[in-house]
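**Student:**
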Amino acid sequence: MSFDTICVVGLGYIGLPTAAVFASRKMKVIGLDVNELAVEVINRGEIHIIEPDLDMVVHAAVTEGYLRATTKAEPADAFLIAVPTPFKQDRQPDLSYVEAAVKSIAAVLKKGDLVILESTSPVGATEQMAKWLAEIRSDLSFPETHGEESDIRIAHCPERVLPGHVLRELVQNDRVIGGLTSKCSERAVELYSIFVQGKCVVTTARTAEMCKLTENSFRDVNIAFANELSMICDKLDINVWELIELANRHPRVSILQPGPGVGGHCIAVDPWFIVSRTPAEAKLIRTAREVNDSKPIWVKEKVKLAIGEFLLEHPDTTAKDVKVACFGLTFKPDIDDLRESPALGIVKEIGIMHSGCVMIVEPNIEKLPTAMLNRFSLLDAQVALSEADVVVMLVDHSSFKMLPRLNLEGKKIVDTRGVWNQ
Ligand code: SAJ
Numbered sequence: 132m133s134f135d136t137i138c139v140v141g142l143g144y145i146g147l148p149t150a151a152v153f154a155s156r157k158m159k160v161i162g163l164d165v166n167e168l169a170v171e172v173i174n175r176g177e178i179h180i181i182e183p184d185l186d187m188v189v190h191a192a193v194t195e196g197y198l199r200a201t202t203k204a205e206p207a208d209a210f211l212i213a214v215p216t217p218f219k220q221d222r223q224p225d226l227s228y229v230e231a232a233v234k235s236i237a238a239v240l241k242k243g244d245l246v247i248l249e250s251t252s253p254v255g256a257t258e259q260m261a262k263w264l265a266e267i268r269s270d271l272s273f274p275e276t277h278g279e280e281s282d283i284r285i286a287h288c289p290e291r292v293l294p295g296h297v298l299r300e301l302v303q304n305d306r307v308i309g310g311l312t313s314k315c316s317e318r319a320v321e322l323y324s325i326f327v328q329g330k331c332v333v334t335t336a337r338t339a340e341m342c343k344l345t346e347n348s349f350r351d352v353n354i355a356f357a358n359e360l361s362m363i364c365d366k367l368d369i370n371v372w373e374l375i376e377l378a379n380r381h382p383r384v385s386i387l388q389p390g391p392g393v394g395g396h397c398i399a400v401d402p403w404f405i406v407s408r409t410p411a412e413a414k415l416i417r418t419a420r421e422v423n424d425s426k427p428i429w430v431k432e433k434v435k436l437a438i439g440e441f442l443l444e445h446p447d448t449t450a451k452d453v454k455v456a457c458f459g460l461t462f463k464p465d466i467d468d469l470r471e472s473p474a475l476g477i478v479k480e481i482g483i484m485h486s487g488c489v490m491i492v493e494p495n496i497e498k499l500p501t502a503m504l505n506r507f508s509l510l511d512a513q514v515a516l517s518e519a520d521v522v523v524m525l526v527d528h529s530s531f532k533m534l535p536r537l538n539l540e541g542k543k544i545v546d547t548r549g550v551w552n553q
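This is the structure:
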């Protein structure tokens with residue numbers, strides 16, 4: 132049985148591109164979201180998030196009539212849940228958005244439907260999702276009680292796309308598909324085969340959940356290693372960028388790059404889902420999180436030292452006169468996303484710690500968040516460089532790498548990304 136209508140619940144950074152890609156394959160797609168504004172924007176053929184080329188794909192999908200957004204659940208043959216899964220204050224996973232999403236579709240479910248959890252989730256979340264549905268729809272049977280004969284098929288298929296490359300990676304990446312039964316997996320493979328060119332690899336739901344958490348924890352641990360090296364090298368007066376470049380010449384060594392800390396919505400969150408389930412065992416994963424979380428504080432201290440050194444070298448100057456220029460606010464290079472950005476946190480801290488002028492250079496945004504307007508000014512790179520006494524490099528945007536080094540002479544430099552490492 133093929134799919135007639137697909138419903139994507141949650142039209143954010145994952146849900147909207149996924150909905151648009153299904154629609155681009157001429158599938159009838161309903162996008163369900165609680166955000167009325169987002170629904171309105173999408174139904175105009177526009178987008179409310181930033182992702183290269185997504186505007187064109189959504190525009191085509193909406194104008195051709197394949198994609199429609201709504202705030203009210205409608206019947207479909209497959210439901211993909213792509214809502215946020217943050218953690219709570221105590222770093223325990225917060226599944227309240229998944230619960231709300233599942234409850235919003237429960238009433239329209241019918242025999243034969245497939246429900247997929249795409250959101251990154253702690254181990255056991257897919258089983259929990261099935262339980263929530265079963266509690267509401269006791270007239271339907273679910274895999275936990277009816278196995279392969281269940282009315283509703285349930286699977287976990289974590290998204291794995293890299294922000295900035297979502298449309299390409301959605302199609303090309305392999306997918307890990309963990310059904311609660313084999314038939315659940317088979318049905319989910321059928322669904323993703325509509326657009327996925329990579330392999331759809333089948334496993335259990337728990338393994339699929341752990342697989343996604345493992346991928347992001349692997350990256351977090353490796354970035355923590357690089358960040359720890361950067362702090363060690365700073366103490367030992369060694370250029371960490373040169374060190375990594377040299378060590379990576381070994382055929383079996385591939386160290387990642389240090390930075391101001393780890394940002395984004397996934398890598399700084401997902402490892403805690405493992406720690407929360409197995410706190411006694413997940414020692415390395417927890418420590419890596421702590422190392423990466425401590426890096427912005429270390430950077431702030433470096434800036435404080437740099438300001439102090441500048442003052443020592445310029446005895447006639449007071450702290451109020453020292454101008455600091457911060458390069459980059461986003462959570463990684465060449466994007467415009469400020470959410471969970473260590474650079475943003477560091478800049479705000481500098482604004483509190485330092486009494487003088489703090490300039491910001493961020494070529495990927497047009498204006499600063501309103502709350503920052505009073506304290507900071509957004510300037511062109513050349514202007515900020517010529518004015519600054521202390522230069523803080525926080526994000527290695529491509530355009531920053533082209534800045535002439537000559538302009539740095541006489542300035543104190545804190546380079547967290549190795550852009551000026553020579
Ligand atoms: N970072 C470093 N040094 C590095 C690499 C990254 O400091 O060498 C920093 C970045 O600057 C950024 C943070 O880590 O602040 C995360 O950036 P990222 O590019 O590593 O990852 P995300 O958060 O954009 O996307 C990750 C990806 N996961 C992996 O690469 C294992 C993506 O494939 C996932 O789909 C995504 O998380 C997600 O949604 O889970």
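If you want the numbering used here, it's the position in the sequence shown, counting the first as 1, plus 131. We treat Cβ as the ideally placed atom computed from N, Cα and C, and that holds for glycine.
(1) C315 lies in the beta strand (DSSP E); which residues open and close that run?
(2) With C288 and A237 assumed to form a contact (beta carbons below 8 Å), what rounded beta-carbon distance in angstroms separates them?
(3) As an exercise, report each continuous alpha helix (DSSP H) stretch of at least 4 residues that is fully enclosed by the stretch 182-260, in chain order.
(4) Taking just the CA atoms, how far does T335 sit from R408?
(5) With H, G and I counted as helix, E and B as strand and the rest as coil, what does DSSP make of G295?
(6) Buried or exposed: which applies to F311, given that a residue is buried once 16 or more other Cβ atoms fall within 10 Å of its Cβ?
(7) Out of D351, S508, I405, C397, point me to the one whose CA is closest to I386's CA.
(8) For D465, which residues in the same chain have their Cβ closer than 8 Å to its Cβ, ignoring the five residues on either side in sequence?
(9) Does at least one heavy atom of ligand 1 sit under 8 Å from the Cβ of G392?
(10) Taking only heavy atoms of ligand 1 into account, decide whether any of them is closer than 8 Å to the Cβ of G395.
(11) Look up L163 in the DSSP assignment and give the residues it is bridged to.
(12) Tell me which residues share the same chain as C488 and place their Cβ nearer than 6 Å to its Cβ, disregarding the 5 neighbours each side in the sequence.
(13) Thinking just about the alpha-carbon of each residue, which of A512, M484, M503, N505 is nearest to the one in E493?
(14) Extract the residue ranges of the beta strand (DSSP E) inside the stretch 319-368, only unbroken runs of 3 or more that lie entirely within it.
(15) Take E171 as the anchor and find which of D447, R383, C315, H190 has the nearest alpha-carbon.
(16) Compute every distance between the C-beta of Q388 and the non-hydrogen atoms of ligand 1, then say whether any falls below 8 Å.
(17) For the beta strand (DSSP E) that V523 lies in, which residues bound it at each end?
(18) Label A213 either buried or exposed according to how many other C-beta atoms from any shown protein chain fall within 10 Å of its C-beta, with 16 as the threshold for buried.
(19) Give the straight-line distance between the Cα atoms of K479 and H179, rounded to the nearest whole angstrom.
(20) Looking only at DSSP bridge pairs, what is D546 linked to?
(21) Thinking C-beta only, is R222 closer than 9 Å to V371?
(22) Which residue marks the beginning of the beta strand (DSSP E) containing I491, and which one marks its end?
(23) Do N112 and L516 have their C-beta atoms within less than 9 Å of each other?
(24) If you reduce the DSSP assignment to three classes, tell me which class A411 lands in.
(25) Which same chain residues, not among the five before or five after T449, have their C-beta less than 8 Å away from its C-beta?
(26) Compute the minimum distance between the beta carbon of R291 and the heavy atoms of ligand 1, and state whether it is under 8 Å.
(27) Checking 9 Å against the spacing of the C-beta atoms, do R291 and N304 come in under that value?
(28) Would you call M260 buried or exposed, if buried means 16 or more other Cβ atoms sit within 10 Å of its Cβ?
(29) Are the beta-carbon atoms of G243 and M132 separated by less than 9 Å?
(30) Which one of P382, S348, S250, L245 has the shortest CA to CA distance from S272?
(31) Could you give the distance in angstroms between the alpha-carbon of G141 and the alpha-carbon of E249?
(32) Comparing alpha-carbon positions, which option in K414, I308, L377 lies nearest A339?
(33) Grouping DSSP H, G and I as helix and E and B as strand, with all else coil, what is F404?
(34) Assuming S361 contacts P389 under a Cβ cut-off of 8 Å, what Cβ separation, rounded to an integer in Å, is found between them?
(35) Distance check for P410 and F326, CA to CA, integer angstroms please.
**Tutor:** So, to answer that:
(1) Annotation for C315: no beta strand (DSSP E) segment contains it, though the alpha helix (DSSP H) segment containing it runs 313-323.
(2) For C288 against A237, the beta-carbon gap comes to about 20 Å, at or over 8 Å, which does not count as contact.
(3) Those alpha helix (DSSP H) runs which fall completely within the stretch 182-260 and span 4+ residues are 185-194, 227-237.
(4) The alpha-carbon of R408 is positioned some 18 Å away from that of T335.
(5) Residue state, collapsed to three classes: coil.
(6) Correcting the residue type first, residue 311 is Leu in the shown sequence and not Phe. By the neighbour-count rule (16 or more Cβ atoms within 10 Å), L311 is buried.
(7) Considering only alpha carbons, the answer is D351.
(8) If you ignore the 5 residues before and after D465, its C-beta comes within less than 8 Å of the C-beta of G295, N495, H528, S529, all in its own chain and listed in chain order.
(9) A distance criterion of 8 Å places the beta-carbon of G392 in contact range of ligand 1, judged by its closest non-hydrogen atom.
(10) The beta carbon of G395 sits closer than 8 Å to at least one heavy atom of ligand 1.
(11) L163 is bridged to V140, T201.
(12) Its chain contains K454 as the residues whose beta carbon lies nearer than 6 Å to that of C488, once the 5 sequence neighbours on both sides are disregarded; these appear in chain order.
(13) Taking each of A512, M484, M503, N505 in turn and checking the Cα distance to E493, the smallest one comes out for A512.
(14) List check, beta strand (DSSP E) in window: 331-335.
(15) Here the closest residue by C-alpha is H190.
(16) For ligand 1, at least one heavy atom lies less than 8 Å from the Cβ of Q388.
(17) First-last of the beta strand (DSSP E) with V523: 521-524.
(18) A213 is buried by the Cβ-count criterion.
(19) Straight across, the Cα-Cα distance linking K479 with H179 is about 26 Å.
(20) In the DSSP output, where bridge partners are listed per residue, D546 has M524.
(21) Cβ distance not < 9 Å, so V371 and R222 don't count as in contact.
(22) Start and end: 489-492.
(23) Shown here, the chain extends from 132 to 553; a query on residue 112 therefore has no answer.
(24) Of the three classes helix, strand and coil, the one that applies to A411 here is coil, per DSSP.
(25) Setting aside the 5 residues that flank it on each side, T449 is surrounded in the same chain by L442, each with a C-beta closer than 8 Å to its C-beta; the list follows chain order.
(26) Within the cutoff, so yes.
(27) The beta carbons of R291 and N304 sit closer together than 9 Å.
(28) M260 comes out buried.
(29) Cβ atoms of G243 and M132: closer than 9 Å.
(30) It is L245.
(31) Each residue's Cα considered, the two are about 10 Å apart.
(32) Among K414, I308, L377, the Cα nearest to that of A339 belongs to I308.
(33) Helix.
(34) That belief holds up - the Cβ atoms of S361 and P389 are roughly 4 Å apart, short of 8 Å.
(35) Distance from the CA of F326 to the CA of P410, rounded to the nearest whole angstrom, comes to 38 Å.
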